[in-house]
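Number of protein chains: 2
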Amino acid sequence: MTLVAAPRVPEPFVRRVAAIVGEGRVSQTPPVRALYSRDMWPKTLLWTREGSFPHPPDLVAWPESAAEVAAIVRLCASEGVPLVPFGGGGGVCGGVIPLRGGISLDLKRMNRLVSLDPESGTADFECGIIGQHLEDELAKRGHTLGHFPSSIYISTLGGFLAARSAGQLSTRYGKIEDMVSSVILVTGTGEKLDTASCPELLQALVGSEGTLGVFTHARLRIHPAPEARRMQAHSFTTLADGLEAIRVLLQRGARPAVVRLYDPLDTFIVGSGKAKEAGAGPLSALKEVFEERFPAATPLFLRAALAYPATLNQLADRFLSRVLLILGFEGSREVVEAELGLAQESCRTLGGRDLGPGPGDRWFENRYKVSYKQSKIFAAGCFVDTMEVATTWDRLQGLYEAVRRALSDRALLMAHFSHAYPEGCSIYFTFAATAKGASERERLYDALWHDGLAATQKAGGCLSHHHGVGYSKSVFMAAELGEGMRLYHALKDVFDPHGILNPGKMGL
Amino acid sequence: MTLVAAPRVPEPFVRRVAAIVGEGRVSQTPPVRALYSRDMWPKTLLWTREGSFPHPPDLVAWPESAAEVAAIVRLCASEGVPLVPFGGGGGVCGGVIPLRGGISLDLKRMNRLVSLDPESGTADFECGIIGQHLEDELAKRGHTLGHFPSSIYISTLGGFLAARSAGQLSTRYGKIEDMVSSVILVTGTGEKLDTASCPELLQALVGSEGTLGVFTHARLRIHPAPEARRMQAHSFTTLADGLEAIRVLLQRGARPAVVRLYDPLDTFIVGSGKAKEAGAGPLSALKEVFEERFPAATPLFLRAALAYPATLNQLADRFLSRVLLILGFEGSREVVEAELGLAQESCRTLGGRDLGPGPGDRWFENRYKVSYKQSKIFAAGCFVDTMEVATTWDRLQGLYEAVRRALSDRALLMAHFSHAYPEGCSIYFTFAATAKGASERERLYDALWHDGLAATQKAGGCLSHHHGVGYSKSVFMAAELGEGMRLYHALKDVFDPHGILNPGKMGL
């Protein structure tokens, strides 16, 4: 059995790509094509476990300049070959799957800091740079972008921009679309466009996930490294109190860098140290299982536990109610102290119990680890995924309950609220489940997503806060955009008249 | 002699419009048509003084609902009649001049607060509401939008959105494009589009000055009325020091509501009380003239003074150097105090002399008065205008000097820096000049604008920070947008395929 089907583009096409980027920077080997057929979308992880790579690109190329990118795009446009921009492959919605074959364009060789202007607080980067390297380059020069997604080690600036990524400190620094002041992209006709000349269009291009152009450069707003950072945690009797504390704090004008409110089950698993007090004894086995979210559980135990998600959810509902709120402040010393004071006041008013800096400091130290522990769950024949939705404050708790009602009979479900705004907040659901056999698991996985997003849209939430749409949520786009979908098609016709850019994604 | 030329649309068309909005809400009388032929663009003020109204609409209509707006737009689309959305007529770039006749659509009857959600901090308004009325409605309910342009008494929400307006507290609350979360507009085909369904396109529509649609409703982000407000002023030896104080303060994360740094001549005229100390004796006559910017000067004296702009500018350069910085902070008490502390520190470090709250408090009290005193200048056979450009910090002083070099031989020129960002700032130039005879004045006026904007673009500044492009800056759009102009045309084709919406504006 071969790893992947044979490539379908003709040999002369491959030679022409090689002539643009150089011989060593094109590959058609089966392992490479298999690798670029997937990302971190859990469904592709399930496929990978089955040895299945159903959507390989025909070839992978590694350009080193915008000129090379443009030349390849022009070639693809004239030959009608699909092209998928590829960053770190850390996406979780199948956004880089080459559904119709063609070229996967790996941009990670375009990874330079082009210039930094400390006076204006801007930095120009090539878009293939890995998130952590970008922060390293800035840190060396006394600056930060303030963008710290949990995928920071394996995701690129171009990927951030493509998917409207949010980092863990987004409540202060904004999402990537707030940080970017302009991009240079290669459109589907191979033209270079610098949005500095049309800033009004920037936000229609950011978030286009490779369907309207290939981002090659970005100008970013950077900040001096913060003078001070202070973490502060409170525990509340109810989720509603915790949410209210955040809302009041944000609407009074504070901009905490970290806002993480864990729902009762997530609070229990994160381990606020208060779970036992709350009478959570019967769930302590679960705690073991999910210690630091699923680190070392035996596959058998995990599978057995996840076979009864409804019961586990009910136990959690019955015995858990306290919630943990972690806040973090950073920036100039004066403002950090003032905002911390505001936070203490808001939390106390709502009955918050002061837990000091400990829980926040621990979270901060371990903030990138969770995702790297999930492979054990898949190894155990289970799956886990996250669904990040958002809405305004008036609908937030309704959205939370709606998604829980939709999923809790079939998946163990927890959530935290981690990107807050004066007008609303996102909810980050984690769900884990299992079923007998690979195809049953896939069916269950699809059904959970379908029902979760349908419930979200019905409750007035939006499809995605920061993971993007990609392939997995593509069918929900028409309902999400409504009349806006016609305009998106019109943009697509202008930017990609040959329809070669990442076809089949985002509802296009 | 008639006031305006006879209308050109056929009578049946007017009857069909009247059938949509009702008989009393259509007018073709000459005075009304003359009134809607202009706005506050100083060149139209010069025309008005000559009794000339060269571009009247053929009729004016006052719709009361989005359905009426849509019906009129559909009628215009089918008949090929141009349509210009009209708010308060407070624009200063000729954006509402009906260059090709047709309908002026006055939206001020659509002035309701539709709903307010204090929990999420959002409010839905009809777009014809006057800015001050909007703030009054919010104030009654304990909220504010934070949008206070000096035109607030005579400009509408729709106008703000059309032109990307900035208020005097924009450094804290943002510009109108930051405050709006979605709009409902009627496109050029008469379809209603709610951008809540396509948020990525919102920023391509805001700022389109009536060329892509008619805004009928907007959802705005509102804030609780501030708990505290504190003003603080400093004086600096040089403009560079004042600018540096602002830059450091913003980049350290403070968000003052008010940032106003007056250049030496503007400082002198604003009257920091320090001008005499600085040895400005020879200019004290000028001070009289420009007391609170030109209130009660005799026409003759004013004309005589402005006949020698180069000399006046040189006197100012020679004898004035100190600059006045007014900062204002508002919001929660804790954060206001902390930011004030940061500001004191930043200003002291740069040699700022503390002037206490007085200058800021005085400015705050008189903040809307300036514009209403300018008619005397026109009455004296002179003109005055403002040019608001912006750029990043590294180019800011270069831009300031470039515009001064371009204009100071022909106009008395002063400036303040009043909308600041971590990455840059805007410059608000005021220039006043005179010439013998109406046509000479117009020629001089055009030449000053041409040379000022050409110098701006060459120095890396942008065409407009918040007044918009309208008609007066239209010829500069192609150079400003470069390759982006093609995309703007593509958007125009999608949103206004019949080309009826505000034709001839913004370079279209």
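Protein sequence lines correspond, in order, to chains W and U.
Here the first sequence is numbered in this note's numbering, starting from 1 and rising by one per residue.
Here the second sequence is numbered in this note's numbering, starting from 509 and rising by one per residue.
Glycine included, every Cβ here is placed at the ideal spot set by N, Cα and C.
None of the values given here were measured: they were computed from a predicted structure.
- In the DSSP secondary-structure assignment, D625(U) is bridged to T630(U).
- Listed in chain order, the non-local C-beta contacts of M40(W) below 6 Å within the same chain comprise G90, V92, local neighbours out to five positions each way being set aside.
- Each of E330(W), A218(W), P309(W), K505(W) was checked against the Cα of A432(W), and the nearest Cα belongs to P309(W).
- Exclusion of the five residues before and after R112(W) leaves F125, E126, I129 as the residues of its chain whose Cβ lies within less than 8 Å of its Cβ.
- The Cβ of P264(W) sits no closer than 9 Å to any Cβ of chain U.
- In this structure, the CA atom of I246(W) is about 15 Å from the CA atom of A390(W).
- Judged by DSSP in its simplified three-state form, G504(W) adopts coil rather than helix or strand.
- Secondary structure note for F160(W): its alpha helix (DSSP H) is the uninterrupted segment 157-163.
- Scanning P734(U), G906(U), D774(U), V892(U) for the CA closest to the CA of S926(U) turns up D774(U).
- Within chain W, the residues whose beta carbon sits less than 7 Å from that of V1002(U) are L487, A490, listed in sequence order.
- Neighbourhood of H223(W) in chain U, by CB distance below 8 Å: Q759, G761, P930, in chain order.
- Taking S408(W) as the centre and dropping the five residues before and after it, the same chain places the C-beta of N313 closer than 6 Å to its C-beta, in chain order.
- Burial check for Y400(W): the Cβ neighbour count within 10 Å reaches 16 or more, so the residue is buried.
- A Cβ of chain W is located within less than 9 Å of the beta carbon of S716(U).
- Cβ-Cβ distances below 8 Å link E68(W) to I20, V21 in the same chain, with the five nearest sequence neighbours on each side left out; the list follows chain order.
- Cβ neighbours of L751(U) within its own chain (closer than 8 Å, five residues either side excluded): L769, W901, L904, Q905, F925, C933.
- The DSSP-derived three-state label of L553(U) is helix.
- Straight-line spacing of the CA atoms in A380(W) and A438(W) works out to 12 Å.
- Contact between the segment 226-234 of chain W and the segment 359-376 of chain W is present: three or more C-beta pairs spanning the two stretches fall below 8 Å.
- For L653(U), same chain residues with a beta-carbon under 7 Å away, outside a window of 5 residues either side, are L642, E643, L646, M687, L728, I730 in chain order.
- With its beta carbon at least 9 Å from every one in chain U, C93(W) lies outside the interface.
- In this structure the segment 174-188 of chain W lies against the segment 494-501 of chain W, because at least three pairs of beta carbons, one per stretch, are closer than 8 Å.
- At least 9 Å separates the CB of G142(W) from every CB of chain U.
- Here K376(W) carries a helix assignment [DSSP, helix/strand/coil].
- Chain-ordered, the chain U residues with CB closer than 9 Å to the CB of E483(W) read E699, K700, L701, D702, S705, C706.
- In the DSSP secondary-structure assignment, A343(W) is not bridged to any residue.
- Put simply, the backbone Cα of I427(W) is about 39 Å away from that of V81(W).
- Inside the segment 6-45 of chain W, DSSP marks whole alpha helix (DSSP H) runs of 4 or more residues at positions 11-21, 30-35, from first to last along the chain.
- Around the C-beta of T434(W), 16 or more other C-beta atoms lie within 10 Å, and the residue is accordingly described as buried.
- Bounds of the beta strand (DSSP E) holding L613(U) are 611-614.
- Three or more beta-carbon pairs drawn from the segment 979-986 of chain U and the segment 599-613 of chain U are found closer than 8 Å, and the two stretches are therefore classed as touching.
- In this structure, A963(U) lies away from R918(U), with their beta-carbon atoms at least 9 Å apart.
- Under DSSP, S182(W) shares a beta bridge with R219(W).
- Looking only at A578(U), P538(U), T556(U), K551(U), the smallest Cα-Cα distance to V568(U) is reached by P538(U).
- In the DSSP assignment, V897(U) is bridged to I935(U).
- Residue pairing by DSSP leaves I684(U) without any beta bridge partner.
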